[in-house]
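Undergrad: Before I ask anything, here is the structure I am working with.
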Amino acid sequence: MFIGKNLEYVRKLNALSRKELSEKINVSEQAIWQYETKNMMPEISKIYDMTSIFNVKSSYFISEQPEELLINSVDKHSIAFRAKNYKVSTKLLNKQYYQAMYLSNLTSYLFSFVTIPDNIILSLINNLDELLNGNLESLNKKESIKEIAKVVRAKILQDESNEALLFMLEKAGIVIYEKRINDSIDAYSFWSKDQTPFIILGTNRGVAVRRNFDLAHELGHLVLHRHIQFDLLSPEEYKTIEHEADIFASEFLLPEEAFKKDFDQMTKKSNPDYLAVLKEKWYVSIQAIAMRAYYLGLMSSTQYRYFWASLNKKGYKSKEPLDDVIEMSRPVKMNSLLKLYFDRNILTPQKLLNYLKVDETFLNHLAGINLKLFKDYVNENREYNITNLYK
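First residue of the sequence shown: 1, per UniProt numbering; consecutive thereafter.
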């Protein structure tokens with residue numbers, strides 16, 4: 001028997017309309033509707049076409065999905081997008097919602113085989129007022145964000161560098177996936193209904209320092225805006241929320257006292273090439289460093305204007321010095337967890353794929369799972385592994 005709801009789910013997961021799918025497999029839009037709502041059995045050749053399009057097994061369409069993957073585990077309103085524009089299409093929003101839900105359910109399934117430590121981020125948020133000595137309510141919004149960023153950084157990062165930021169966020173309990181999103185969206189984040197924080201990173205930027213800002217920005221949303229209904233915000237409210245996350249990111253990545261000491265040592269403060277030294281230390285873009293310095297009053301208006309003129313003249317606005325040198329960090333938690341399972345025969349690659357009824361390419365595209373894991377999952381060269389992830 002053909003299970004139409006499975007087709008509808010995977011179609012929405014891939015942001016395809018019925019019309020678009022019908023054109024891909026050369027049937028009518030009405031036929032797709034009948035497959036999905038009437039459970040009408042397609043021709044075998046069409047089923048094979050759809051398995052190829054969606055990177056799933058043929059069993060995906062003729063047997064029930066595991067119950068763990070069908071849980072409504074994410075509130076659609078809770079997804080925070082880091083988009084270039086306020087306007088994001090309903091189609092794209094729906095795609096990210098379905099993908100967020102699938103990733104949340106997949107994560108819960110994979111976590112079910114091990115005991116997961118208490119979530120540091122969740123505990124931190126629940127105890128923020130206590131950590132700030134009960135002063136949170138007495139501060140204005142901007143000051144409270146600055147103080148929160150200080151506390152969060154002190155708990156998550158033990159040194160002055162942001163080099164291992166992604167890894168430390170994973171260690172603190174945030175589940176981070178990397179996948180191709182959309183040119184208009186850099187990253188997004190959300191809390192699942194079981195109080196697990198997620199950050200989904202896009203792959204289209206490829207610049208380490210920009211990724212760090214995306215991470216810090218999304219961390220700001222997770223910490224500051226846990227109960228915000230993002231898709232119901234007005235344009236003005238959206239700008240305010242984004243600005244708050246940017247303030248958090250700046251304070252978190254470039255803590256005021258330490259940054260001031262470093263910047264005061266710069267002999268040519270408005271020269272982008274000289275600021276590359278700070279970029280190498282803090283793993284933050286030269287542009288973000290200049291903006292932070294100006295905000296803190298470390299650069300005059302004249303110096304700041306000269307900086308931007310020089311940046312444009314040198315062509316650094318799109319590609320800065322060291323962008324090709326600083327290696328971009330990638331999520332390791334879920335790949336390391338799967339490696340552990342495969343090593344100890346808790347799961348095998350085939351058992352996992354058969355259970356999910358998908359191909360390895362499906363997990364690679366949706367969750368950034370390393371294809372090499374399914375072929376040769378023993379990797380002696382990984383810098384961070386599951387052992388020190390859960391220390």
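Glycine included, each C-beta is placed from N, C-alpha and C at the ideal position. Quick caveat: nothing in here was measured; it's all calculated off a predicted structure.
Return the chain-ordered list of same chain residues with a C-beta closer than 6 Å to the C-beta of isoleucine 247, the five sequence neighbours on each side being excluded.
TA: The residue given as residue 247 occupies position 247 in the sequence shown. Closer than 6 Å at Cβ, skipping near neighbours: Ile145.
Undergrad: CB-CB under 6 Å to glycine 368, same chain, minus the five flanking residues each way: which ones, in chain order?
TA: By one-based count along the sequence shown, residue 368 stands at place 368. Contacts found: Tyr177, Glu178 and Lys179.
Undergrad: Which residues in the same chain as leucine 353 place their Cβ atom closer than 7 Å to its Cβ, once the five residues preceding and following it in sequence are excluded?
TA: The residue given as residue 353 occupies position 353 in the sequence shown. Counting only Cβ-Cβ distances below 7 Å, and skipping sequence neighbours, we find Asp359 and Glu360.
Undergrad: Relative to the C-alpha of leucine 373, which candidate in Leu338, Asp231 and Val223 has its C-alpha closest?
TA: Taking the first residue of the sequence shown as position 1, residue 373 is located at position 373. Comparing Cα-Cα distances from leucine 373 to each of Leu338, Asp231 and Val223, the minimum goes to Leu338.
Undergrad: Return the residue from the list Lys261, Ile25 and Tyr316 that minimises the CA-CA distance to proline 272.
TA: Position 272 of the sequence shown, counted from the start, is the residue given in the question as residue 272. Residue Tyr316 is the option with its Cα nearest to proline 272.
Undergrad: Using only the alpha-carbon positions, how far apart do leucine 21 and alanine 149 sit?
TA: By 1-based counting over the sequence shown, the position of residue 21 is 21. By 1-based counting over the sequence shown, the position of residue 149 is 149. Cα to Cα, the separation comes out at about 45 Å.
Undergrad: Straight-line CA distance for glutamate 380 to lysine 333?
TA: Here residue 380 refers to the residue found at position 380 when the sequence shown is read from its first residue. Here residue 333 refers to the residue found at position 333 when the sequence shown is read from its first residue. Its pLDDT being 40, under 50, glutamate 380 is placed unreliably by the model, and the measurement read from it follows with that caveat. Answer to the nearest angstrom: the Cα atoms are 16 Å apart.
Undergrad: Measuring straight from C-alpha to C-alpha, what distance separates asparagine 370 and threonine 203?
TA: Stepping through the sequence shown from its first residue, residue 370 is reached at position 370. Stepping through the sequence shown from its first residue, residue 203 is reached at position 203. Distance between the alpha carbons of asparagine 370 and threonine 203 is about 14 Å.
Undergrad: Less than 9 Å separating the beta-carbons of glutamate 160 and alanine 258?
TA: Counted from its first residue, the sequence shown places residue 160 at position 160. Counted from its first residue, the sequence shown places residue 258 at position 258. In this structure, alanine 258 lies closer than 9 Å to glutamate 160 by Cβ.
Undergrad: Note down, in chain order, each residue of its chain lying with its Cβ closer than 6 Å to the Cβ of aspartate 231, except the 5 sequence neighbours on either side.
TA: Translated into positions along the sequence shown, residue 231 becomes position 231. Closer than 6 Å at Cβ, skipping near neighbours: His77.
Undergrad: For aspartate 186, report the span of its beta strand (DSSP E) as first-last.
TA: The residue given as residue 186 occupies position 186 in the sequence shown. Here the beta strand (DSSP E) through aspartate 186 covers 185 to 191.
Undergrad: In three-state DSSP terms, what is asparagine 354?
TA: On the sequence shown, residue 354 is found 354 positions in, with the first residue counted as 1. Note: asparagine 354 maps to helix in three-state DSSP.
Undergrad: State the DSSP-derived secondary structure class of asparagine 370, mapped to helix, strand or coil.
TA: Here residue 370 corresponds to residue number 370 of the sequence shown, with the count starting at 1. Note: asparagine 370 maps to coil in three-state DSSP.
Undergrad: In angstroms, rounded to a whole number, what distance separates the CA positions of lysine 391 and leucine 219?
TA: Here residue 391 corresponds to residue number 391 of the sequence shown, with the count starting at 1. Here residue 219 corresponds to residue number 219 of the sequence shown, with the count starting at 1. Confidence at lysine 391 is low in this model, with a pLDDT of 46, below 50, so its placement is unreliable and the value that follows should be read with caution. Taking the straight line joining both Cα atoms gives about 22 Å.
Undergrad: On the DSSP letters alone, give me the boundaries of the alpha helix (DSSP H) that valine 113 sits inside.
TA: If you number the sequence shown from 1, residue 113 lands on position 113. Strictly speaking, residue 113 in this sequence is phenylalanine, with valine absent from that position. Element bounds for phenylalanine 113: n/a, residue is neither H nor E.
Undergrad: Bridge partners of isoleucine 176, per DSSP?
TA: Taking the sequence shown and counting its residues from 1, one reaches residue 176 at position 176. DSSP lists Ile199 as partners of isoleucine 176.
Undergrad: Any idea what DSSP makes of valine 277, helix, strand or coil?
TA: Taking the first residue of the sequence shown as position 1, residue 277 is located at position 277. Reduced to three states, the DSSP call for valine 277 is helix.
Undergrad: Which residues does DSSP list as the beta-bridge partners of asparagine 55?
TA: Start at 1 with the first residue of the sequence shown, and residue 55 comes out as number 55. Asparagine 55 pairs with nothing; no bridge assigned.
Undergrad: What residues in its chain sit with their C-beta under 7 Å from that of leucine 322, if we drop five residues either side in the sequence?
TA: Position 322 of the sequence shown holds residue 322. These residues qualify, in order along the chain: Ala276, Lys279 and Glu280.
Undergrad: Would DSSP call phenylalanine 81 helix, strand or coil?
TA: By 1-based counting over the sequence shown, the position of residue 81 is 81. Three-state result, phenylalanine 81: strand.
Undergrad: Let me know the secondary structure DSSP gives asparagine 182 once reduced to three states.
TA: Along the sequence shown, read from residue 1 onward, the residue named residue 182 stands at position 182. Three-state DSSP puts asparagine 182 in a strand.
Undergrad: Within a Cβ cutoff of 6 Å, which residues of the same chain sit near serine 58, ignoring the five residues on either side of it in sequence?
TA: For the purposes of this step, residue 58 is identified with residue 58 of the sequence shown, where counting begins at 1. Only Ile47 and Thr51 meet the Cβ criterion.
Undergrad: Classify valine 74 as helix, strand or coil using the three-state DSSP reduction.
TA: Reading the sequence shown from its first residue, position 74 is the one you call residue 74. Strand at valine 74.
Undergrad: Tell me, please, whether the segment 207 to 218 touches the segment 110 to 122 by the rule of three or more beta-carbon pairs shorter than 8 Å.
TA: No, the segment 207 to 218 does not touch the segment 110 to 122.
Undergrad: If contacts are defined as beta-carbon pairs under 8 Å, then serine 336 and tyrosine 306 qualify, I think. What distance do you get, rounded to the angstrom?
TA: Residue mapping note: residue 336 aligns to position 336 of the sequence shown, counting from 1. Residue mapping note: residue 306 aligns to position 306 of the sequence shown, counting from 1. Actually they do not touch by this definition, with Cβ atoms about 46 Å apart.
Undergrad: Do asparagine 105 and tyrosine 60 have their C-beta atoms closer together than 9 Å?
TA: Working through the sequence shown from its first residue, we reach residue 105 at position 105. Working through the sequence shown from its first residue, we reach residue 60 at position 60. Cβ distance not < 9 Å, so asparagine 105 and tyrosine 60 don't count as in contact.
Undergrad: When the Cα atoms are used, what is the spatial distance from lysine 155 to serine 329?
TA: Within the sequence shown, numbered from 1, the residue matching residue 155 stands at position 155. Within the sequence shown, numbered from 1, the residue matching residue 329 stands at position 329. Their backbone Cα atoms lie some 20 Å apart in a straight line.
Undergrad: Does the distance from the C-beta atom of phenylalanine 2 to that of asparagine 55 stay below 9 Å?
TA: To locate residue 2, count along the sequence shown from 1; it is residue 2. To locate residue 55, count along the sequence shown from 1; it is residue 55. No. Outside cutoff.
Undergrad: Nearest-angstrom Cα distance between leucine 157 and leucine 165?
TA: Against the sequence shown, residue 157 aligns to sequence position 157. Against the sequence shown, residue 165 aligns to sequence position 165. Straight-line Cα distance between these residues: approximately 7 Å.
Undergrad: For a test of the three-state rule: what should DSSP assign to asparagine 6, helix, strand or coil?
TA: Within the sequence shown, numbered from 1, the residue matching residue 6 stands at position 6. Correct three-state label for asparagine 6: helix.
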